[in-house]
Amino acid sequence: KKFKILSLPLEIRSDDYASIEVTGLERLNEQSYDTLFAKADYFNESFCYGMLPDTTLFYTLIFYHPAAEYYPVLATYSKSGFLINQENLFHGACGSDCGLTSCSMTGIISKDLSVLSVDSIYYEYECDSTYAPLPNTGEIIVISKKGKIDKKGAISMSEKKEQRIKTNP
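The opening residue of the sequence shown carries number 7 in my numbering; numbering runs sequentially from there.
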């Protein structure tokens, strides 16, 4: 009841302009039946975002877990409530760093239950040990993973792929 039904395709994004908003969402409660199925390090600080359309063999839920900001976690459960798999939809590459200009984290789930997770980070420059900008050191870093939720609810994700592009060679 804490999860709204979501439609596919689904895109969840957090960037410099829009962080994940949890206002109005139900929290997990460690004094309730939530503990029977949900797994979270900071249980009472996690939120219930939504449920993907029903499949015949499993349920798919999305939680928002806390960190520097909230991040989405994809979890699949058997029809009897046992956890099958759980995967972060963001890599958590964003933060505050010298020279960081912008950053976005995106998780996409398609109608065929394929999953794409991409973090994009733009550094205008790198900094030396005194935090002074180093000339001609700007770059864009893209970190991605691809995967799929199979017919039994298992989530398989590729290894992280990182691409670095110099912006001022």
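Yeah, the Cβ is synthetic: ideal placement off N, Cα and C, and Gly gets one too.
Values in this document were obtained by computation on a predicted structure and should not be read as measured data.
Original post:
What residue from P59, Y76, D21 and D47 has the CA that sits closest to L6's CA?
Top reply: The structure shown does not extend to residue 6, since the chain spans only 7 to 175, so no value can be given for it.
Subject >> Close Cβ partners of E168 (< 6 Å) along its chain, the five nearest in sequence each way excluded >> reply: The residue labelled residue 168 in the question sits at position 162 within the sequence shown. Once the five neighbours on either side are set aside, the close Cβ partners of E168 are I149.
Original post:
Should the segment 119–126 be called in touch with the segment 86–96, which here means at least 3 C-beta pairs below 8 Å?
Top reply: In this structure the segment 119–126 touches the segment 86–96; the number of beta carbon pairs closer than 8 Å is three or more.
**OP:** With a threshold of 16 other CB atoms inside 10 Å of the CB of T66, please say whether the residue is buried or exposed.
**Re:** Indexing the sequence shown from 1 puts residue 66 at position 60. Around the beta-carbon of T66, 16 or more other beta-carbon atoms lie within 10 Å, marking it buried.
**OP:** Would you mind stating whether K85 and C54 have Cβ atoms separated by less than 8 Å?
**Re:** Start at 1 with the first residue of the sequence shown, and residue 85 comes out as number 79. Start at 1 with the first residue of the sequence shown, and residue 54 comes out as number 48. It is not a contact, given that the beta carbons lie outside the stated cut-off.
**OP:** Return the CA-CA distance between Y48 and F69, expressed in angstroms with no decimal places.
**Re:** For the purposes of this step, residue 48 is taken as residue 42 along the sequence shown, with counting starting at 1. For the purposes of this step, residue 69 is taken as residue 63 along the sequence shown, with counting starting at 1. Distance between the alpha carbons of Y48 and F69 is about 12 Å.
Subject >> Identity of the residue in F88, D103, T136 and D21 nearest G159 by Cα >> reply: Residue numbering aside, residue 159 sits at position 153 when the sequence shown is read from its first letter. It is F88.
Original post:
Apart from the five residues on each side of it in sequence, which residues of its chain come closer than 6 Å, Cβ to Cβ, to K151?
Top reply: Counted from its first residue, the sequence shown places residue 151 at position 145. Cβ within range, chain order: S123, M163, S164 and K166.
Subject >> L14 beta carbon less than 8 Å from that of P59 >> reply: What you label residue 59 is simply residue 53 of the sequence shown in a count that begins at 1. What you label residue 14 is simply residue 8 of the sequence shown in a count that begins at 1. P59 places its beta carbon less than 8 Å from that of L14.
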